[in-house]
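So the sequence shown is numbered by this note's numbering: it starts at 165 and just counts up by one. Note that the Cβ used here is the ideal one computed from N, Cα and C, for glycine as well.
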Amino acid sequence: MRNVDALDARILLALDADPRATTVALADRLGLARNTVQARLKRLEESGQLREHSRRVAPAGLGYPLLALITMSISQRVGQPTREAILRIPEVVELLVTTGDGDLLARVVARDTEDLHRITNLLLEAPGVVRSNTTIVLLEVQPFSVRSLLERHAGP
């Protein structure tokens, strides 16, 4: 995977500032040729460096105001089937393989604590999940953002 260069970072910053901007508008704003912007955006999308728009949707607006982080310990012999079963649960919005006390960390959204209990039980039913530890997020101080990294990478 090719790293994002300073020009890519400038394009991504402009897109971050105005997500609905057209390729032509981005090119005008940055003083670049439309084809340059279009080709770079396509390459960033194809390489997985520019992620899907659904990351911008707030789960609370869909009726899922509760956010929890669930650490799971799994049987090392199961692995992939465990991850596949967990990813079939729509409320699991992110799943990470980790080191430390647990093997997997799931970012989970729920309607309320009763719904979170239901989701936790679904996770525990996944093949290979041995135990879980749930942390309820009280306040999201800094949502996921790479804007400051892009600003550093884009340079002056």
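Where does residue 204 land, buried or exposed, given buried means 16+ other C-beta within 10 angstroms?
-> buried
For the beta strand (DSSP E) that contains residue 302, what are its first and last residues?
-> No beta strand (DSSP E) contains residue 302, which DSSP labels as neither H nor E.
Indicate the three-state DSSP secondary structure (helix, strand or coil) for residue 234 in the structure shown.
-> strand
Can you tell me which of 185, 199 and 256 puts its alpha carbon nearest to the alpha carbon of residue 275?
-> 256
Range of the contiguous alpha helix (DSSP H) that encloses residue 184 = It is not in any alpha helix (DSSP H) - residue 184 carries neither H nor E in the DSSP assignment.
Taking only the alpha-carbon atoms, compute the straight-line gap between residue 278 and residue 235 and give it to the nearest angstrom.
-> 19 Å
Would the beta-carbon of residue 270 fall within 8 Å of that of residue 259?
-> yes
C-alpha distance - residue 134 paired with residue 311, whole-angstrom precision = This structure gives no information on residue 134, because the portion of the chain shown stretches from 165 to 320.
Residue 298: which of 314, 268 and 307 sits nearest, CA to CA?
-> 268
Can you name, in chain order, every residue of its own chain whose Cβ lies under 6 Å from the Cβ of residue 176, other than the five neighbours on each side?
-> 314
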